[in-house]
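The UniProt record's numbering numbers the first residue of the sequence shown as 1 and each following residue consecutively.
Where a beta carbon is used, it is the ideal one built from N, C-alpha and C, also for glycine.
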Amino acid sequence: MSDENSENLIEEIESDVPQYYNKTLRLMKISAGLVTSENQVKESYRFLNSNPIWISFPFFICIIAISQVFIFIILSIKSGTMNNICIVNSQVYFDSYPSLFLPFTLLHDDFFHLMKTLIILTVFGMPQEIVFGGKVIGSLFIVGLITTTVFMQAFFPKLALCGASGGIYTIIFFQLVNWILNRNEMPYAKFQIRFIGVIMLYDVAKLFIYIFASGNFVDHMLKYIIDRGNTFIIATLFGYIFVHHNNEKKRRQMAFIYAFSYFLLFGLAASFLAVHIKESEVQHFN
1 MSDENSENLI
11 EEIESDVPQY
21 YNKTLRLMKI
31 SAGLVTSENQ
41 VKESYRFLNS
51 NPIWISFPFF
61 ICIIAISQVF
71 IFIILSIKSG
81 TMNNICIVNS
91 QVYFDSYPSL
101 FLPFTLLHDD
111 FFHLMKTLII
121 LTVFGMPQEI
131 VFGGKVIGSL
141 FIVGLITTTV
151 FMQAFFPKLA
161 LCGASGGIYT
171 IIFFQLVNWI
181 LNRNEMPYAK
191 FQIRFIGVIM
201 LYDVAKLFIY
211 IFASGNFVDH
221 MLKYIIDRGN
231 TFIIATLFGY
241 IFVHHNNEKK
251 RRQMAFIYAF
261 SYFLLFGLAA
271 SFLAVHIKES
281 EVQHFN
């Protein structure tokens with residue numbers, strides 16, 4: 001489906017909507033059109049037309065975005081600057097401030113990191129939640145966030161952990177899988193792949209800046225591969241299940257339980273490894 005036909009699709013389905021719903025529904029429908037195929041857009045529109053708006057409102061992504069802004073403001077006030085805010089720089093710093101684990105999983109970098117995160121959540125996260133639901137996107141985000149953070153803690157305790165990026169890049173790769181499966185039917189297919197391309201180019205450029213600044217090519221490259229590789233695997237599994245099998249409710253539910261349990265156990269295994277590494281380092285230090 002071409003970009004030019006997206007507005008006609010919205011107007012076609014919108015004609016039967018009560019007037020007082022029009023503005024809110026139109027915004028939500030345009031968002032839905034950003035991330036799905038024509039058939040999924042129509043299905044989402046019918047659901048929006050026949051249910052209260054609050055049922056499909058992207059509460060989870062909004063809560064994540066608001067929490068990130070709140071944490072950033074608090075840290076900016078405490079540090080006196082909006083730049084170079086890094087909650088966790090190393091294992092030693094993390095051990096000294098265990099209470100910062102939760103805010104770190106939402107934000108761990110500077111103003112540009114916050115802006116990039118909010119843009120991704122707005123362009124992909126909110127539309128995905130409108131179409132696929134808060135349970136799916138919330139679980140996707142949390143699994144990507146927790147497992148990637150734990151892996152960084154286990155294998156690279158002396159480097160900055162992944163934190164919020166684990167959830168954000170799972171959202172990006174989930175949309176990439178969605179685009180691969182439905183690109184010929186998406187109203188905004190060209191925009192999506194260009195946006196993903198820009199984000200990934202920025203990401204790779206930032207990686208090489210870190211490498212040249214630190215001179216530590218191997219560790220940063222391995223961290224990047226594990227970080228992005230983990231989120232890509234999670235997003236691919238979730239993406240195939242919830243995009244390709246979107247209309248098979250029972251199969252989708254069973255696949256969801258399997259996927260969530262698998263990555264939860266995988267994360268727990270990595271956490272035990274992290275504890276072992278930490279204890280070994282303490283014994284060696286003593």
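Check, Outcome
"Just checking L118 against the ligand HEM - is the residue's beta carbon closer than 6 Å to any of the ligand's heavy atoms?", "Judged by which ligands are present, the structure shown has none, so any question about the ligand HEM falls away."
"So, at 7 Å on beta carbons, what are the nonlocal neighbours of F232 in its own chain, with the 5 sequence-adjacent residues on each side left out?", "F173"
"DSSP three-state call for P187: helix, strand or coil?", "coil"
"Do L145 and G167 have their CB atoms nearer than 7 Å?", "yes"
"Can you tell me whether G229 is buried or exposed, with buried defined as 16 or more other CB within 10 angstroms of its CB?", "exposed"
"Could you give the residue range of the alpha helix (DSSP H) that holds T122?", "Looking at the DSSP string, T122 is not in any alpha helix (DSSP H), and its letter there is neither H nor E."
"Less than 7 Å between the beta carbons of I71 and M126, yes or no?", "no"
"Please determine, among F191, D203, I171, the residue with the shortest C-alpha to C-alpha distance to I234.", "I171"
"Are the Cβ atoms of F151 and I226 separated by less than 7 Å?", "yes"
"When DSSP labels each residue in this structure, what does G167 get in the three-state scheme?", "helix"
"Out of K78, T117, W179, state which residue places its alpha-carbon closest to the alpha-carbon of I64.", "T117"
"Could you say which of I119, I193, Y188 lies nearest to L176 if we only look at CA atoms?", "I193"
"Alpha carbon to alpha carbon, how far is V198 from I137? Give it in angstroms, no decimals.", "23 Å"
"By the 10 Å Cβ neighbour count, where 16 or more other Cβ atoms means buried, how is G134 classified, buried or exposed?", "buried"
"Who are the near neighbours of T148 in its chain, counting only those whose CB is closer than 7 Å to its CB and skipping five residues on each side?", "C162, G166, D227, N230, T231"
"Are there 16 or more other CB atoms within 10 angstroms of the CB of N216, so buried, or fewer, so exposed?", "exposed"
"Can you grab the Cα-Cα spacing for the pair T236 / L181, in whole Å?", "11 Å"
"For P58, which of helix, strand or coil comes out of DSSP?", "coil"
"Nearest to P58 by alpha carbon, out of I66, V143, I130?", "I130"
"Could you check which residue in S67, L121, Y169 has the C-alpha nearest to that of Y224?", "Y169"
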